[in-house]
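Going by the working numbering, the sequence shown runs without a break in its numbering and finishes at 470.
Heads up, the beta-carbon is just placed ideally off N, CA and C, and yes, glycines get one too.
A short worksheet on the structure shown next.
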Amino acid sequence: MANLETLCVQAGWTPKKGEPRVLPIYQSTTFKYDTSAQMADLFDLKESGYFYTRLQNPTNDAVASKIAQLEGGVGAMLTSSGQAANFYAVFNICEAGDHFISTSAIYGGTSNLFCVTMKKLGIECTFIDQDASDEEIEKAFRPNTKCVFGETVANPAGKILDLQRFANLAHKHGVPLIIDNTFPTPILCRPFEFGADIVTHSTTKYMDGHAMAVGGVVVDSGNFDWEAQHDKFKGLTEPDPSYHGLTYTKSFGKLCYITKATVQLMRDLGSIQSPQNAFLLNVGLETLFLRMPRHCENALACAKYLKNHPKVAWVDYAGLEDNASYALAQKQFKGGLPCGVLTFGIKGGRDKSIQFMDALKLICIVTHVADARSCVLHPASHTHRQLSDEQLIEAGVAPDLIRFSVGIENVNDIIADLEQALAQV
Ligand code: PLP
Numbered sequence: 046m047a048n049l050e051t052l053c054v055q056a057g058w059t060p061k062k063g064e065p066r067v068l069p070i071y072q073s074t075t076f077k078y079d080t081s082a083q084m085a086d087l088f089d090l091k092e093s094g095y096f097y098t099r100l101q102n103p104t105n106d107a108v109a110s111k112i113a114q115l116e117g118g119v120g121a122m123l124t125s126s127g128q129a130a131n132f133y134a135v136f137n138i139c140e141a142g143d144h145f146i147s148t149s150a151i152y153g154g155t156s157n158l159f160c161v162t163m164k165k166l167g168i169e170c171t172f173i174d175q176d177a178s179d180e181e182i183e184k185a186f187r188p189n190t191k192c193v194f195g196e197t198v199a200n201p202a203g204k205i206l207d208l209q210r211f212a213n214l215a216h217k218h219g220v221p222l223i224i225d226n227t228f229p230t231p232i233l234c235r236p237f238e239f240g241a242d243i244v245t246h247s248t249t250k251y252m253d254g255h256a257m258a259v260g261g262v263v264v265d266s267g268n269f270d271w272e273a274q275h276d277k278f279k280g281l282t283e284p285d286p287s288y289h290g291l292t293y294t295k296s297f298g299k300l301c302y303i304t305k306a307t308v309q310l311m312r313d314l315g316s317i318q319s320p321q322n323a324f325l326l327n328v329g330l331e332t333l334f335l336r337m338p339r340h341c342e343n344a345l346a347c348a349k350y351l352k353n354h355p356k357v358a359w360v361d362y363a364g365l366e367d368n369a370s371y372a373l374a375q376k377q378f379k380g381g382l383p384c385g386v387l388t389f390g391i392k393g394g395r396d397k398s399i400q401f402m403d404a405l406k407l408i409c410i411v412t413h414v415a416d417a418r419s420c421v422l423h424p425a426s427h428t429h430r431q432l433s434d435e436q437l438i439e440a441g442v443a444p445d446l447i448r449f450s451v452g453i454e455n456v457n458d459i460i461a462d463l464e465q466a467l468a469q470v
C-alpha cells in the first residue's frame, strides 16, 4: 500500500491516456448502453457498471475508493451527510425488533437518530457509559443485539473511546463494532487496526476541511465474518427477494456489507452525495494529511495557553499530559493527538462562557466544527439544546462547556483572540 500522503493526493482516480488528470465531475444521472440485455444484467447485479447515479456514479466511486484505501477497508459508499452514513451503517444490519448498543457520549444528532427516529422503526438502542466496566457494558447485550456503535473522539465532549476494548466486547457477543471516525480522520487513527469492523464519517468536517459540502461515508473493513453469525444477520446471509434471491455473503464475499448498503439501501432510500460535493470532498482530501497535524499542533498550544489562564475553569484535551485519556491517545493516535477540537469552561459558569464567546473576533461562532477556520460553539445552547439536563450530563456536556475547533491559522493570532476575549469577562 502507498503511504497515506500519497493516497490522499492520488488514490481513487487513475486516468488513462488522454483522460483528465483531475477527477471529473460526472454530472449525469444516467449512463448509456447498447442493448436492453446489457442493462438487464446490471439490474440483476450480474455485471458491474453504472446505470443510475442514485446507485453509483464514477465521481463518487473514485472518492469512496480513496477513503476506503485511507481507512484500510475493502470498500466504501458516499452518503449525502454524516447523519445518513450513521443511519445506513446501522440500518444495513438492523431491522424492526432488533437492538443495538451505543456509547452515550456521541454527537447529539446521532443520539437523537438512535433514540427517537430509529425507535419509530422498531429498532431499540441502549446507551452505555464508555467508562463503565466490561461487566457493566456486557449486561446491555441481548440475543437480538446486532452491533455496537461509538465515536473514536466523541463530539462535543472530546472523550476518547478505547477501540480495542470495544471491539473485543462486540466480538465476544458475535456482533460488529461500528465506529464514527469523523474527528481523527484516518490520518490520525485507523480504527480497523484496533479491531473495528465498519467506519463512518461526517465528511462535512475535516475531510472536506473547508466547510463547503455536507457529506458522509460508510467504510467496510471486510473483516467481520457474517456467515459465522448466520442467523443474526439474515439480511446478508439469506436470499434477498428484491434481487431474485441473491445472497450477499455468497455473491460478494468480503464486500457483502457495503454492496448491500449500496444496492439495497441506497436504491430504496436515496441520500446519495451529489457528484459536485464528491468533487469538493476530493479536493479537501488531497490536503488532509497536511492539515491534520497543523490542527493538532495549534490545538495543543491553545490547550496549554488556556490551562494556564486564571479565568479558565478547566480544559479537556487528550494531548495534555495530565489528561485522563493521555495514555490512550498516545496509543491510538498518530503523534498522540486526537484532532484539533478541545473543550473548556470559563470560571463563573454558563453565562461567563457565553459572554466570552460573544467577545471573540477571529474565532467565529458557527454550527460547525473541524474546518480550516477556528470556531466555537456552546453545545448546551446550540447543537444539544434538545437534550434534557440528564441527557446532557450523560453525553458529557457540562453547561459551561465551550467546544473550540482550532483552525490552521497562525496560532499566535488565535491565542491573541482568546486573550482579548478573556480580558472582557
Ligand atoms: N458524526 C459526528 C461525529 C458529527 O460531529 C456529526 C456532525 O456534527 C455527524 C456525525 C453528522 O454529520 P452531518 O452533519 O454531516 O450530517
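Using C-beta distances below 6 Å, list every residue in its chain close to P103, excluding the 5 sequence neighbours before and after it, in chain order. Excluding residues within five positions, the ones whose Cβ falls inside 6 Å are Y71.
Hey, would you say G329 sits closer than 7 Å to D253, going by beta carbons? With a cutoff of 7 Å on beta-carbon distance, G329 and D253 are scored as near each other.
What separation, rounded to the nearest whole angstrom, lies between the Cα atoms of L214 and T245? Taking C-alpha positions only, L214 is separated from T245 by approximately 19 Å.
Here's a check: name, in chain order, each residue in its chain whose Cβ is nearer than 7 Å to the Cβ of G390, leaving out the five neighbours to either side. Counting only Cβ-Cβ distances below 7 Å, and skipping sequence neighbours, we find A358, W359, S398, A443, D445, L446, I447.
Could you check whether V161 and C192 sit closer than 7 Å to each other, using their CB atoms as the reference points? Not in contact: C192 and V161 (Cβ atoms no closer than 7 Å).
Should C384 and F228 be called a contact, given that it needs their Cβ atoms to be closer than 7 Å? Yes; because the gap between Cβ atoms is below 7 Å, this pair is in contact.
Taking only three categories from DSSP, how would you classify M252? If DSSP states are grouped into helix, strand and coil, M252 belongs with coil.
Taking 7 Å as the cut-off, decide whether the C-beta atoms of I453 and F334 are in contact. Going by C-beta atoms, I453 is not nearer than 7 Å to F334.
Using 6 Å as the cut-off, classify the Cβ of Q321 as near or not near the heavy atoms of the ligand PLP, replying yes or no. It does not: the Cβ of Q321 is nowhere closer than 6 Å to a heavy atom of the ligand PLP.
Using 7 Å as the threshold, is the C-beta distance between G120 and A130 below it? Not in contact: G120 and A130 (Cβ atoms no closer than 7 Å).
Can you tell me which of the three DSSP states R448 falls into? Note: R448 maps to strand in three-state DSSP.
Could you tell me the boundaries of the alpha helix (DSSP H) in which L373 lies? For L373, the enclosing alpha helix (DSSP H) stretches over residues 371 to 377.
For T51, report the span of its alpha helix (DSSP H) as first-last. 49 to 55 is the span of the alpha helix (DSSP H), which, as asked, contains T51.
Check for me: the alpha helix (DSSP H) holding G439 runs from which residue to which? This sequence places Glu at residue 439; Gly is not what is there. Membership of E439 in the alpha helix (DSSP H) is indicated by the continuous run 434 to 439.
Using only the heavy atoms of the ligand PLP, determine whether one of them is closer than 6 Å to the beta carbon of V360. For the ligand PLP, not one heavy atom lies less than 6 Å from the Cβ of V360.
In chain order, what residues of the same chain have a beta carbon less than 7 Å from the beta carbon of S287, not counting five sequence neighbours either side? So the qualifying residues of the chain are Q309.
Are the CB atoms of D361 and T332 nearer to each other than 7 Å? With a cutoff of 7 Å on beta-carbon distance, D361 and T332 are scored as not near each other.
Return helix, strand or coil for V161, following the three-state DSSP convention. V161: helix per DSSP, three-state reduction.
For R336 and S81, what's the separation of their Cα atoms in angstroms? A direct Cα-to-Cα measurement between R336 and S81 gives close to 48 Å.
Can you tell me which of K295, D265, V264 puts its alpha carbon nearest to the alpha carbon of K279? The shortest C-alpha to C-alpha distance from K279 to any of K295, D265, V264 is the one to K295.
Taking buried to mean at least 16 other C-beta atoms within 10 Å of its own C-beta, is Q431 buried or exposed? For Q431, the number of other beta carbons within 10 angstroms of its own is below 16, and it is reported as exposed.
Taking 7 Å as the cut-off, decide whether the C-beta atoms of G441 and K204 are in contact. Inclusion of G441 and K204 in the CB contact set at 7 Å is warranted, their separation being smaller than that value.
Is any heavy atom of the ligand PLP found at a distance shorter than 6 Å from the C-beta of D176? No.
Do D458 and H255 count as a contact pair if the criterion is CB distance below 7 Å? Result no, Cβ atoms of H255 and D458 do not sit closer than 7 Å.
H354: first and last residue of the uninterrupted beta strand (DSSP E) it sits in: From DSSP, H354 is part of no beta strand (DSSP E); its letter is neither H nor E.
Taking the runs of the beta strand (DSSP E) that are 3 residues or longer, which of them lie wholly in the segment 197 to 236? Listed in chain order, the complete beta strand (DSSP E) runs (minimum 3 residues) inside the segment 197 to 236 are 222 to 225.
What's the call for K184, buried or exposed, on a 16-neighbour Cβ count within 10 Å? Residue environment analysis places K184 among the exposed positions, since fewer than 16 neighbouring C-beta atoms fall within 10 angstroms of its C-beta.
Are G94 and L100 close, meaning C-beta to C-beta below 7 Å? With respect to L100, G94 sits apart: the two C-beta atoms are not nearer than 7 Å.
Spatial distance of M46 from G117 (CA atoms): Computed Cα separation, rounded: 9 Å.
DSSP beta-bridge partners for S147? For S147, which the question treats as bridged, DSSP gives the partners F172, F194.
Going along the chain, which residues of its own chain have a beta-carbon closer than 7 Å to the beta-carbon of F378, five neighbours each way excluded? Counting only Cβ-Cβ distances below 7 Å, and skipping sequence neighbours, we find P229, L233, C234.
Quick check: V108 and L326, are their CB atoms within less than 7 Å of each other? Their beta carbons are under 7 Å apart, which means V108 touches L326 by this criterion.
Take every Cβ of the segment 265 to 274, pair it with every Cβ of the segment 422 to 438, and state whether three or more of those distances are shorter than 8 Å. The segment 265 to 274 makes no contact with the segment 422 to 438, as fewer than three CB pairs between them are under 8 Å.
Can you round the beta-carbon distance between T249 and G127 to whole angstroms, since I take them to be within the 8 Å contact cut? With a beta-carbon spacing of about 6 Å, T249 and G127 fall inside the 8 Å limit used to define contacts.
Three-state secondary structure assigned by DSSP to C420: Here C420 sits in strand by DSSP.
At which residue ranges does the segment 270 to 339 contain complete alpha helix (DSSP H) runs of 4 or more residues, listed in the order of the chain? With a minimum length of 4 residues, the continuous alpha helix (DSSP H) runs that stay inside the segment 270 to 339 are 279 to 282, 293 to 297, 301 to 305, 320 to 331.
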